[in-house]
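Reading the sequence shown from the start, the letters are residues 2 to 284 in the working numbering. Glycine is no exception: its CB is placed at the ideal position from the N, C-alpha and C atoms.
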Amino acid sequence: MTADEANSNDGARKKTQPPDPDLKNFGETLAAFRKRAGLTQEQFGPLVGYSIQYVASVEQGRRHPSVEFVNKSNEVLDAFGVLQIAARQMKRRRGLAAWFRRWAELEEEAVALNTYECRSVPGLLQTEAYARAQIENVPPVPTEDEAEDRIVRRLERQELLHRTPYTTFSFIIEQTVFERQTGGPEVTRALIDYARECARLPNVDIQIMPTVSPEHAGTDGPFCLLESQDHQWWGYSEGQKAGRVISDPKDISDLHLQYAKLRIQALNPADSMGLLMRMRGSL
Numbered sequence: 002m003t004a005d006e007a008n009s010n011d012g013a014r015k016k017t018q019p020p021d022p023d024l025k026n027f028g029e030t031l032a033a034f035r036k037r038a039g040l041t042q043e044q045f046g047p048l049v050g051y052s053i054q055y056v057a058s059v060e061q062g063r064r065h066p067s068v069e070f071v072n073k074s075n076e077v078l079d080a081f082g083v084l085q086i087a088a089r090q091m092k093r094r095r096g097l098a099a100w101f102r103r104w105a106e107l108e109e110e111a112v113a114l115n116t117y118e119c120r121s122v123p124g125l126l127q128t129e130a131y132a133r134a135q136i137e138n139v140p141p142v143p144t145e146d147e148a149e150d151r152i153v154r155r156l157e158r159q160e161l162l163h164r165t166p167y168t169t170f171s172f173i174i175e176q177t178v179f180e181r182q183t184g185g186p187e188v189t190r191a192l193i194d195y196a197r198e199c200a201r202l203p204n205v206d207i208q209i210m211p212t213v214s215p216e217h218a219g220t221d222g223p224f225c226l227l228e229s230q231d232h233q234w235w236g237y238s239e240g241q242k243a244g245r246v247i248s249d250p251k252d253i254s255d256l257h258l259q260y261a262k263l264r265i266q267a268l269n270p271a272d273s274m275g276l277l278m279r280m281r282g283s284l
């Protein structure tokens, strides 16, 4: 990495919001080990192959450290793996809105996850190109680093679809979400291909809610239901700049009733894949 690249990235970071607490904690940990080794930032940078500006940005909590930087720093500072552990803990929250973090933690321990979405394709089914188009279209426009952080974390969450023992996934998605063609026809074709690929997984069901649906149980908006490993159910709803994890048994019961009705009203999985293929052919 050149000094020019680091300076360019740092310039973008300076326009962002105040340091994220997780980034700040990692930076403070790094600085403590650097000082323990008796090194200044000027001495430490060349040892790990990064500029002084890059080291300063990480220690100040203004940028995410690369995997290479973390590993090299751990080696040079003889940090006993502490930096790598701190980086993994930080990664779990990287690129996630503050109001979504609790739900993301619950997702990682789920045995079942049901999702109804009427605004966009759920993040677990997004392609990189679709995620990028969606993130970059919503003001305020994020910096390049911010956009990359969000995209990387969104795609990392998709590992949940493939881990074993399997988590059971059910998705009900409005037809209009695909018809919007976020990112353009080419992005939409790839998105449909990826959705169909995911639908072939043994633990994933995808149903499409037709645009014309005189009877519709989801008019209150999108929501999710999740069953934890101890068989407790949680709900989640999200709006502009806010999200709410739901635990009240009565509210969870109501969401179960809504989701059961939506599954009946939506096309079955086979017909849903047929509709997606027809939509793809018309692009």
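Q: Look up Gln239 in the DSSP assignment and say whether it is helix, strand or coil.
A: If you number the sequence shown from 1, residue 239 lands on position 238. Checking the sequence, you will find Glu at residue 239 rather than Gln. Glu239: strand per DSSP, three-state reduction.
Q: Give the DSSP-derived three-state secondary structure of Val142 in the structure shown.
A: On the sequence shown, position 141 is the one that residue 142 refers to. Val142 falls in the coil class under three-state DSSP.
Q | Local Cβ density within 10 Å of Gly282, reported as buried at 16 or more and exposed below that | A | Position 281 of the sequence shown, counted from the start, is the residue given in the question as residue 282. Classification of Gly282: exposed, given that the 10 Å Cβ count is below 16.
Q.
Taking DSSP's pairing of strands, which residues face Ala111 in a bridge?
A. Counting from one through the sequence shown, the residue named residue 111 turns up at place 110. Answer is Ser229, bridged to Ala111.
Q) With burial defined as no fewer than 16 other Cβ atoms inside 10 Å of the residue's Cβ, what is the status of Asn10: buried or exposed? A) Residue numbering aside, residue 10 sits at position 9 when the sequence shown is read from its first letter. With a pLDDT of 42 at Asn10, under the threshold of 50, the modelled position of this residue cannot be trusted; read the value that follows with caution. Result: buried.
Q: Give the C-beta separation of Asp206 and Phe170 to the nearest angstrom, bearing in mind that I take them to be a contact with Cβ-Cβ under 8 Å.
A: Counting from one through the sequence shown, the residue named residue 206 turns up at place 205. Counting from one through the sequence shown, the residue named residue 170 turns up at place 169. Taking the Cβ atoms as the reference, Asp206 lies roughly 7 Å from Phe170, within the contact range of under 8 Å.
(Q) According to DSSP, is Cys245 part of a helix, a strand, or is it coil? (A) Indexing the sequence shown from 1 puts residue 245 at position 244. For clarity, residue 245 is Arg in the given sequence; the question names Cys instead. Residue state, collapsed to three classes: strand.
Q.
Does Glu187 come out as helix, strand or coil in the three-state DSSP assignment?
A. Within the sequence shown, residue 187 is the residue found at index 186, counting from 1. Per DSSP, reduced to three states, the secondary structure at Glu187 is helical.
Q) Since Val56 sits in a beta bridge, which residues does DSSP pair it with? A) What you label residue 56 is simply residue 55 of the sequence shown in a count that begins at 1. In the DSSP output, where bridge partners are listed per residue, Val56 has none listed.
(Q) Taking a contact to mean a Cβ-Cβ separation below 7 Å, would you say Phe172 touches Pro223 in this structure? (A) Indexing the sequence shown from 1 puts residue 172 at position 171. Indexing the sequence shown from 1 puts residue 223 at position 222. Their beta carbons are not under 7 Å apart, which means Phe172 does not touch Pro223 by this criterion.
Q: Decide if Met210 is buried, meaning its Cβ has at least 16 other Cβ atoms within 10 Å, or exposed.
A: The residue labelled residue 210 in the question sits at position 209 within the sequence shown. Burial state of Met210 is buried, judged by a 10 Å Cβ sphere holding 16 or more other Cβ atoms.
Q) Is the Cβ-Cβ distance between Leu227 and Leu114 less than 7 Å? A) Walking along the sequence shown from the start, residue 227 turns up at place 226. Walking along the sequence shown from the start, residue 114 turns up at place 113. Taking 7 Å as the Cβ cut-off, Leu227 and Leu114 qualify as a contacting pair.
Q: Assuming Cys119 and Val178 form a contact by the criterion Cβ under 8 Å, report the distance between their Cβ atoms to the nearest whole angstrom.
A: Taking the first residue of the sequence shown as 1, we reach residue 119 at position 118. Taking the first residue of the sequence shown as 1, we reach residue 178 at position 177. Contact holds; Cβ gap of about 7 Å.
Q) Excluding sequence positions up to five away, which residues of its chain have a Cβ less than 6 Å from the Cβ of Ala132? A) Counting from 1 along the sequence shown, the entry for residue 132 is found at position 131. Residues Ile152, Arg155 of the same chain have their beta carbon placed closer than 6 Å to that of Ala132, with the five preceding and five following residues left out of the count.
Q) DSSP on Phe179, reduced to helix/strand/coil? A) Here residue 179 is taken as the residue at index 178 of the sequence shown, counted from 1. Helix, per DSSP.
Q. Exposed or buried, Met274, counting other C-beta atoms within 10 Å across all chains shown (16 or more means buried)?
A. In the sequence shown, residue 274 corresponds to position 273, counting from 1. Buried, by the Cβ-count rule.
(Q) Determine whether the beta carbon atoms of Ala57 and Gln42 lie at a separation below 7 Å. (A) The sequence position of residue 57 within the sequence shown is 56, counting from 1. The sequence position of residue 42 within the sequence shown is 41, counting from 1. Taking 7 Å as the Cβ cut-off, Ala57 and Gln42 qualify as a contacting pair.
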